[in-house]
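I have placed the structure first, in the form of structure tokens, so that the comments after it can refer back to it.
Numbering (this note's numbering), first residue to last: 215 to 379.
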């Protein structure tokens with residue numbers, strides 16, 4: 215599935231839709247070059263649970279936990295990870311086993327250690343905006359993408375993404 219995200223506002227709105235669809239649990243892995251908008255999308259995911267503050271990528275801490283509306287959301291950024299085994303030392307096994315939503319930037323740095331994502335999302339530059347390419351790796355992910363397709367319709371344009379899920 216592909217979705218066009220013409221501007222930052224739409225990208226955040228799309229993240230919010232994803233956040234609602236995940237219902238506070240599962241694994242969303244974000245791929246893309248530096249500056250592709252992975253953290254911007256994560257801001258939208260967090261807004262789905264009522265978070266209004268600034269969102270910065272946890273590049274140095276590796277994980278930023280959020281307790282929101284009775285749900286836990288973990289934002290991980292593995293860009294600076296030297297070895298996937300380092301995830302063991304920061305409590306990665308507990309974070310990923312928790313009944314929470316884990317949003318992981320740079321999951322390729324945790325290859326071989328991370329469990330499969332429910333949804334793999336790749337952001338690419340597309341003019342002034344972004345193109346999101348989504349794929350599922352689990353049956354839950356497949357169901358999430360079916361729900362997302364129903365929300366977005368079959369069109370590539372994301373202009374109507376601000377509707378409720």
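Heads up, the beta-carbon is just placed ideally off N, CA and C, and yes, glycines get one too.
Residue pairing of residue 338 in beta bridges, as defined by DSSP: 345. A straight line joining the alpha-carbon of residue 271 with that of residue 277 spans about 9 Å. Within a 10 Å sphere around the beta-carbon of residue 248 sit fewer than 16 other beta-carbons, which makes this residue exposed.
If you check the CB distance, residue 287 and residue 255 do not come in under 8 Å. With fewer than 16 other CB atoms across the displayed protein chains lying within 10 angstroms of its CB, residue 326 is exposed. Scanning its chain for C-beta atoms nearer than 7 Å, with the 5 sequence neighbours on each side dropped, one finds around residue 257 the residues 226, 229 and 269, in chain order. Counting the other CB atoms within 10 Å of its CB gives residue 218 a total of 16 or more, which places it among the buried residues. In the three-state reduction of the DSSP assignment, residue 269 falls in the coil class, being assigned neither a helical nor a strand state.
Only buried fits residue 350, as 16 or more other CB atoms lie within 10 angstroms of its CB. The alpha-carbon of residue 253 is positioned some 25 Å away from that of residue 367. Judged by DSSP secondary structure, residue 248 falls outside any alpha helix (DSSP H); it is assigned neither H nor E. Residue 293 places its beta carbon less than 8 Å from that of residue 323. Sequence-distant partners of residue 306 (beyond 5 residues in either direction) whose C-beta falls short of 7 Å from its own C-beta are missing from its chain.
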